[in-house]
Amino acid sequence: MENTVRAIVDPRKFSEYVFKENADHGKVIVFKSMGYTKEHSDDLAELYRRQGTEKFGKGNFKPGKTDCYGQRIVIEIVLPGIGESQGKTAYTNSLSKIGLSYRTAVFQTAETA
106 MENTVRAIVD
116 PRKFSEYVFK
126 ENADHGKVIV
136 FKSMGYTKEH
146 SDDLAELYRR
156 QGTEKFGKGN
166 FKPGKTDCYG
176 QRIVIEIVLP
186 GIGESQGKTA
196 YTNSLSKIGL
206 SYRTAVFQTA
216 ETA
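Numbering (this note's numbering), first residue to last: 106 to 218.
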């Protein structure tokens, strides 16, 4: 039986968490600086799903912390700029848990290159 990698990235992680009005986590700064808004939540979820699936399948991740939600892994996501930010690239880390599926859980800080 073949091992299948299945990435699930809920667009609400962007629309209701990253782009949440008055949120104090600061994650929105990176995404807005790269041209993204709440309206791009579906596109961002697909970008994270695609890159996460590919990198997880190739073993391109680092172990993260283990907590009450289980073992976490860290996968680097390449975030291309759009609109006026086209040509820029940011690198974000996706903290994810390992189970029957790979789920993007939260986002770490990013560095703009």
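Every residue, glycine too, gets a C-beta built ideally from N, C-alpha and C. These numbers were taken from a predicted model, which means no experiment stands behind them.
Among the candidates ASN198, ASP115, LEU184, whose CA atom is the shortest distance from the CA of GLY192?
LEU184
Beta strand (DSSP E) containing VAL183: first to last residue?
175-185
Rounded to a whole number of angstroms, what is the C-alpha to C-alpha distance between GLY186 and THR197?
13 angstroms
Identify whether ALA128 lies in helix, strand or coil by the three-state DSSP scheme.
coil
Consult DSSP for PHE115 and reduce its assignment to one of helix, strand or coil.
This sequence places Asp at residue 115; Phe is not what is there. DSSP, read as helix, strand or coil, puts ASP115 in coil.
Tell me the residue span of the alpha helix (DSSP H) that contains LYS92.
The structure shown does not extend to residue 92, since the chain spans only 106 to 218, so no value can be given for it.
I'd like to know if GLU159 contacts chain C, where contact means its C-beta is closer than 7 angstroms to some C-beta of that chain.
Absent here is chain C; the protein component of the structure consists of one chain.
Rounding to the nearest angstrom, what Cα-Cα distance links SER199 and GLU121 in this structure?
17 angstroms
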